[in-house]
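Peer 1: Protein chains in written order, with our numbering: chain A, 4 to 423; chain B, 51 to 297. For glycine and all other residues, C-beta sits at the position ideal for the given N, C-alpha and C.
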Amino acid sequence: MRLKILIPLVLCASAQWSAAQTTTPSSKARASKPATPASSAAQKRQARKVFVLNVVKTAVALPQPDPQDRLRVLNSAASVVAPVQPETAKSLAKEGARLESDIIAGGNQPAVSILSSGQVDCATMADFVDRLAPVSLAMAEDSLVAAITTCPKETADAARLKVETALDSGSIAARPLMALMERSGAKSRWSQEVFVKMFGALPDATTPLAKKEATNYAAMYINMATQVDPDTAKEAGLKFLDWLAKMPPQGERNLAVNMTTDALKQVLGAGYEEALAKDVVAKGIASTAGQPGEVEHPEEESVSVLQAMDNKGKDRTEEISKLPSSLRAREAAAHGFAAGTSGDKKLADRYFDIAFSAVDNVWSNRTPENNNAAAVVEEVSEAAAHVNPVAALQRSQKLQDPSAQAISMLAVARVVVGQQ
Amino acid sequence: MQQQNKIRFGIGRIVRLAAVIATFALLSGVALAQTTFSNLDQKTGWQSCTVCAGAGGNGAVASLSSRLGVSSPAMDGASRQFNVGGSTKYANALWWKQLGANSGASHFVYDLYYYIKTPTAPQALEFDVNQSRSGKKFIFGTECDFGGTHTWHVYDPYNHHWVSTSIACTRPKAYTWNHVVLEFNRTSTGRTGFVTVSINGSKHYFNRSYAPRASGASEVNVAFQMDMNGSATDYSTWLDKVKLTYW
């Protein structure tokens, strides 16, 4: 019912805003009573505000059955509406924080962390940490680090308890641990005890988790090795090298070996070789130190908007239509932006037809493993909004899935908020 | 089996890479003579200042330092660590690396990774490319304003002020690498053009341009600035795989 009222409101706001956009100083209105530039600017600002508020309300009211999509929408809506109506942003962020907590409790990693958005207050952060079960920590690393670093006074004590409980049951949350150790100080009793516990409870070295975390463990080792007594540093260092020896050869392992052997040499000095002589496994892996290593960053699909701008005037729709859907959406959007902002609205429309159609494909084929669909929706919608926000909003509302519609509409509203 | 998987994975990546290169070549339509400066974080010759980094080039004093060849954190085994500190709130520290002059370049892609342990400490982080040519200075200045508007800002060189965009700039994830790619151009009308920013693979369009300011210099450089917050919290940022491509 709400939606039925809101959609016409958005279209009405679009029409008003569109009129405000196209009114020129030479329009008829000037002949009778000229509007001052200041009032015209104020009128445009007001029209933009109404447009944005209506779009946000409509997007939030659309059904998002998947909680991850709902979280994305709330996160985006809170940040879009913040400069226009801060109290609404706060309320959306609060709902988002609660949902983020529920997703984690359900054993899933949130698609985005609204706790990192800057819109969530410390009381909500503290509530989030209180509700967090230690068993879910692996899914909550980003959220927990955001809470610890943003509101340390309100969250650090509770967070310490959670990560320590998790550690006692063999689960290491490396990044929250590092944040808490930094907060407590490397010399604190808590940090020193946790350091010993951690290197005695490393996970299976052959898992993807190990690959992801190896350099974080090494970073923690480097930070703490000179702060604990040399025997403790030696024992933890050898355990860690033994663990690294079980990892398949890869860049992350090389980096961690380099980092750990450097730190061990620094702590033990002449005793380094002697310590290794007593642990043949550690000695073997330490002998590989010096090999090049690199942290693997998730593959990012990207298109060059600069190159699309160099192509303006040329019709590339045929080549673009042959690309895989996600790349097709981004490339068509870049070309649509280039054509539209250089004045060729007709060609821009053709590119955006391709882009939005590809967005529907991307959205319907998304999987939990390959889930950049929301980023594609935003990228395409933003590009279109820079050319013509009203037309972009209409395209958003024609997307097949309501969640994609909401994400797209919010991306359009974000561009309108930023217009000068 | 593991070896086979590795080979298959490797072939998969090569095929994907070839597809991307083919697409790139197909869509660019022209042979582009690009110049790339890679691993700038590992180069010597970075210069710095603190007072110059403030408003009007006359800001507060911060203590600053940088160190190259840092093994942890590092993506490729060696990053550059930048430190800012002191007791003056909202003081800033700026570092830049001169890359020689090129008056013909009009398209710039600044690509880097940064790592931070205390995302609440910075008021803002700034990433710039500067080009001076033919009596004009094009300051492609961008900053992620974590502490204030939570948006990206772009710099209006002619009017000497920052302009807020609506592109969200949330505090970065702590203890992890964040990837930033910025696209700039000198527009056909001779303006300082801000095209896009990509943050960990999510691209947003700036779509802004401003008039350049006057300058007698002839140079291209990249810059990085760390702004302190209202509590003057000391902090460090690590940069790795810093790259500038222009054509």
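Looking only at its chain, what residues have a beta carbon closer than 7 Å to the beta carbon of A96 (chain A), apart from the 5 residues adjacent to it on each side?
Peer 2: Looking up residue 96 (chain A) in the first sequence gives position 93. Around A96 (chain A): A81, I117, S120, Q122, V123.
Peer 1: Run through DSSP, which three-state label would A218 (chain B) get?
Peer 2: Residue mapping note: residue 218 (chain B) aligns to position 168 of the second sequence, counting from 1. A218 (chain B) falls in the strand class under three-state DSSP.
Peer 1: Below 8 Å on the Cβ atoms is my guess for P179 (chain A) versus L147 (chain A); work out the distance and round it to an integer in Å.
Peer 2: For this step, residue 179 (chain A) is matched to residue 176 along the first sequence. For this step, residue 147 (chain A) is matched to residue 144 along the first sequence. So it is a contact: roughly 5 Å between Cβ atoms.
Peer 1: Put T209 (chain A) into one of helix, strand or coil per three-state DSSP.
Peer 2: Within the first sequence, residue 209 (chain A) is the residue found at index 206, counting from 1. T209 (chain A): coil per DSSP, three-state reduction.
Peer 1: Considering Cα atoms alone, identify which of B:N142, B:L289, B:S214 is closest to Y163 (chain B).
Peer 2: Here residue 163 (chain B) corresponds to residue number 113 of the second sequence, with the count starting at 1. For Y163 (chain B), the nearest C-alpha among the options comes from B:L289.
Peer 1: From the DSSP output, in three-state form, read off W297 (chain B) for me.
Peer 2: Translated into the one-based positions of the second sequence, residue 297 (chain B) becomes position 247. Residue state, collapsed to three classes: coil.
Peer 1: Check each candidate in A:S194, A:L267, A:P252 and name the one with the smallest Cα separation from I225 (chain A).
Peer 2: Counted from its first residue, the first sequence places residue 225 (chain A) at position 222. Comparing Cα-Cα distances from I225 (chain A) to each of A:S194, A:L267, A:P252, the minimum goes to A:L267.
Peer 1: Bridge partners of T152 (chain A), per DSSP?
Peer 2: Taking the first sequence and counting its residues from 1, one reaches residue 152 (chain A) at position 149. DSSP output for T152 (chain A) lists no bridge partner at all.
Peer 1: DSSP on T201 (chain B), reduced to helix/strand/coil?
Peer 2: Position 151 of the second sequence, counted from the start, is the residue given in the question as residue 201 (chain B). T201 (chain B): strand per DSSP, three-state reduction.
Peer 1: Interface residues of chain B around A222 (chain A) at Cβ under 9 Å?
Peer 2: Locating residue 222 (chain A) in the first sequence gives position 219, counting from the first residue. By Cβ distance, chain B contributes S122, P123, Y225.
Peer 1: Mapping DSSP to helix, strand and coil, what is S268 (chain B)?
Peer 2: Here residue 268 (chain B) corresponds to residue number 218 of the second sequence, with the count starting at 1. In the structure shown, S268 (chain B) sits in coil (DSSP, three-state: anything other than H, G, I, E or B).
Peer 1: Below 8 Å on the Cβ atoms is my contact criterion, and I expect W297 (chain B) with A155 (chain B) to pass it. Report the Cβ-Cβ distance as a whole number of Å.
Peer 2: One-based indexing of the second sequence puts residue 297 (chain B) at position 247. One-based indexing of the second sequence puts residue 155 (chain B) at position 105. Indeed they touch by this definition, with Cβ atoms about 6 Å apart.
Peer 1: So, with DSSP's three-state summary, where would you put N111 (chain A)?
Peer 2: Looking up residue 111 (chain A) in the first sequence gives position 108. Coil.
Peer 1: Taking DSSP's pairing of strands, which residues face I117 (chain A) in a bridge?
Peer 2: Start at 1 with the first residue of the first sequence, and residue 117 (chain A) comes out as number 114. Paired residues: none, contrary to the question.
Peer 1: Could you tell me which residues DSSP pairs with Q181 (chain B) in its beta bridges?
Peer 2: Locating residue 181 (chain B) in the second sequence gives position 131, counting from the first residue. Beta-bridge pairing links Q181 (chain B) to B:F188, B:V270.
Peer 1: Any idea which residues DSSP pairs W212 (chain B) with across the strands?
Peer 2: Numbered from 1 along the second sequence, position 162 holds the residue referred to as residue 212 (chain B). B:Y205.
Peer 1: Using only the alpha-carbon positions, how far apart do H109 (chain B) and K147 (chain B) sit?
Peer 2: If you number the second sequence from 1, residue 109 (chain B) lands on position 59. If you number the second sequence from 1, residue 147 (chain B) lands on position 97. It is worth fixing the name first, because residue 109 (chain B) is Gly in this sequence and not His. Distance between the alpha carbons of G109 (chain B) and K147 (chain B): 21 Å.
Peer 1: By DSSP, does S225 (chain B) sit in helix, in strand, or in coil?
Peer 2: Looking up residue 225 (chain B) in the second sequence gives position 175. Reading off the sequence, residue 225 (chain B) comes out as Tyr, not Ser. Coil.
Peer 1: At a Cβ threshold of 7 Å, is I71 (chain B) touching chain A?
Peer 2: For the purposes of this step, residue 71 (chain B) is identified with residue 21 of the second sequence, where counting begins at 1. The pLDDT assigned to I71 (chain B) is 48, lower than 50, so where the model puts this residue is not dependable, and the model offers no usable value.
Peer 1: Less than 7 Å between the C-beta atoms of L247 (chain A) and K200 (chain A), yes or no?
Peer 2: As a working mapping, residue 247 (chain A) is identified with position 244 in the first sequence. As a working mapping, residue 200 (chain A) is identified with position 197 in the first sequence. Going by C-beta atoms, L247 (chain A) is not nearer than 7 Å to K200 (chain A).
Peer 1: With 7 Å set as the bound, which would you pick, yes or no: does the beta-carbon of R417 (chain A) sit closer than that to a beta-carbon of chain B?
Peer 2: Residue mapping note: residue 417 (chain A) aligns to position 414 of the first sequence, counting from 1. For R417 (chain A), the answer is yes, since a Cβ of chain B falls inside 7 Å of its Cβ.
Peer 1: Looking at the C-beta of T302 (chain B), does it have a partner C-beta in chain A at a distance below 7 Å?
Peer 2: One cannot answer for residue 302 (chain B) here, as it falls past the ends of chain B, which runs 51 to 297.
Peer 1: To the nearest angstrom, how far is it from the Cα of I410 (chain A) to the Cα of S79 (chain A)?
Peer 2: In the first sequence, the residue the question calls residue 410 (chain A) occupies position 407. In the first sequence, the residue the question calls residue 79 (chain A) occupies position 76. Straight-line Cα distance between these residues: approximately 8 Å.
Peer 1: Is it true that the CB of V418 (chain A) sits closer than 7 Å to the CB of H389 (chain A)?
Peer 2: Locating residue 389 (chain A) in the first sequence gives position 386, where the first residue counts as 1. Locating residue 418 (chain A) in the first sequence gives position 415, where the first residue counts as 1. Yes.
Peer 1: Is the region 342-355 of chain A touching the region 365-376 of chain A in the sense that three or more CB pairs, one from each, lie closer than 8 Å?
Peer 2: Output reads no: the region 342-355 of chain A does not touch the region 365-376 of chain A.
Peer 1: By the 8 Å beta-carbon criterion, what residues does the region 260-291 of chain B contribute toward chain A?
Peer 2: Per Cβ criterion, the list is empty.
Peer 1: Taking A218 (chain B) as the query, report the chain A residues whose CB atoms sit under 7 Å from its CB, ordered along the chain.
Peer 2: Here residue 218 (chain B) corresponds to residue number 168 of the second sequence, with the count starting at 1. Those within 7 Å of A218 (chain B) in chain A are S82.
Peer 1: Considering only the beta carbon of each residue, do A100 (chain A) and L413 (chain A) sit closer than 7 Å?
Peer 2: Locating residue 100 (chain A) in the first sequence gives position 97, counting from the first residue. Locating residue 413 (chain A) in the first sequence gives position 410, counting from the first residue. Result no, Cβ atoms of A100 (chain A) and L413 (chain A) do not sit closer than 7 Å.
Peer 1: Please report the straight-line C-alpha distance between Q84 (chain B) and T295 (chain B), rounded to a whole angstrom.
Peer 2: In the second sequence, counting from the first residue as 1, residue 84 (chain B) sits at position 34. In the second sequence, counting from the first residue as 1, residue 295 (chain B) sits at position 245. Distance between the alpha carbons of Q84 (chain B) and T295 (chain B): 7 Å.
Peer 1: Let me know if A174 (chain B) comes out buried or exposed under the rule of 16 or more other beta-carbons within 10 Å of its beta-carbon.
Peer 2: In the second sequence, the residue the question calls residue 174 (chain B) occupies position 124. A174 (chain B) is buried by the Cβ-count criterion.
Peer 1: Give the DSSP-derived three-state secondary structure of G421 (chain A) in the structure shown.
Peer 2: Here residue 421 (chain A) refers to the residue found at position 418 of the first sequence. It is coil, neither helix nor strand.
Peer 1: What three-state label does DSSP hand P86 (chain A) in the structure shown?
Peer 2: For the purposes of this step, residue 86 (chain A) is taken as the residue at position 83 of the first sequence. It is coil, neither helix nor strand.
Peer 1: Name the residues in the region 232-249 of chain B whose C-beta lies less than 7 Å from a C-beta of chain A; which are they?
Peer 2: So the list reads E233, N235, V245, T246, S248, given in the order they occur along the chain.
Peer 1: Based on the DSSP secondary-structure assignment, which residues constitute the bridge partners of W2 (chain A)?
Peer 2: This structure cannot settle anything about residue 2 (chain A), because the visible part of chain A is limited to 4 through 423.
Peer 1: Would DSSP call I175 (chain A) helix, strand or coil?
Peer 2: Counting from 1 along the first sequence, the entry for residue 175 (chain A) is found at position 172. Three-state DSSP puts I175 (chain A) in coil, outside helix and strand.
Peer 1: If we ignore side chains and look at the alpha-carbon of each, how far apart do C125 (chain A) and E157 (chain A) end up?
Peer 2: Stepping through the first sequence from its first residue, residue 125 (chain A) is reached at position 122. Stepping through the first sequence from its first residue, residue 157 (chain A) is reached at position 154. Near 7 Å, if we compare the C-alpha coordinates of E157 (chain A) and C125 (chain A).
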